[in-house]
Amino acid sequence: MVRIVNYKTRQKEDGTNFYLLEVQGGIEMVLSKTTGQYYATAKKATVSTTFDEETCKGLIGSDMSGKVAKITTEPYQYTIKESGEEVTLNHKYIYLPEGVESSEEKLAKQLEEAFA
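For the sequence shown, this note's numbering assigns the number 33 to the initial residue and increments by one for each residue that follows.
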């Protein structure tokens with residue numbers, strides 16, 4: 033399950049607005065590479081919509097079936113807001129409806145079955 037936690041406004045090339053829902057997965061515990069301590073985090077992704085702004089506002093707090101999954105992308109530059117540091121990333125997080133697998137998940141299952 034994911035929860036709708038926010039919405040974002042974006043502008044099309046023709047100047048009209050459209051809206052994205054920001055969804056968040058469940059809490060995960062991650063081991064810090066710096067401190068060696070665990071911390072709680074949750075993955076987030078955005079989903080394009082055809083909804084108007086009022087509908088998006090009303091959906092905040094709603095749960096949807098599915099998950100937020102990490103996928104591999106071409107490398108790109110990202111600036112960390114808090115520190116201003118620029119880093120190179122090669123992944124992003126996307127929303128996947130329940131029952132849909134990312135290509136990485138499909139490949140992992142195929143490899144698992146091949147070596148079982």
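Glycine included, every Cβ here is placed at the ideal spot set by N, Cα and C.
- Query: Going by other Cβ atoms of all chains shown within 10 Å of its Cβ, with 16 needed for buried, is Lys40 buried or exposed?
  - Reply: What you label residue 40 is simply residue 8 of the sequence shown in a count that begins at 1. It is exposed - the Cβ of Lys40 has fewer than 16 other Cβ atoms within 10 Å.
Just to confirm, is the Cβ distance from Tyr51 to Cys88 under 8 Å? Position 19 of the sequence shown, counted from the start, is the residue given in the question as residue 51. Position 56 of the sequence shown, counted from the start, is the residue given in the question as residue 88. Yes, Cβ-Cβ distance for Tyr51 and Cys88 is below 8 Å.
Tell me which residue opens and which closes the beta strand (DSSP E) that Ser80 is part of. Here residue 80 refers to the residue found at position 48 when the sequence shown is read from its first residue. 76-80 is the span of the beta strand (DSSP E), which, as asked, contains Ser80.
Problem set entry | Supposed close pair Tyr125, Ala101 - CB separation, criterion 8 Å | If you number the sequence shown from 1, residue 125 lands on position 93. If you number the sequence shown from 1, residue 101 lands on position 69. Right, the Cβ-Cβ distance comes to about 7 Å (below 8 Å), so this counts as a contact.
inquiry  = Starting from Thr48, trace the alpha helix (DSSP H) in both directions and tell me its first and last residue.
reply    = The count along the sequence shown starts at 1 and reaches residue 48 at position 16. Counting along the chain, Thr48 falls outside any alpha helix (DSSP H), and DSSP gives it neither H nor E.
Q) Quick one: is Val62 buried, meaning 16 or more other Cβ sit within 10 Å of its Cβ, or exposed? A) Within the sequence shown, numbered from 1, the residue matching residue 62 stands at position 30. Label assigned to Val62: exposed.
Cβ contact check for the segment 73-92 and the segment 104-123: 3 or more pairs under 8 Å
no
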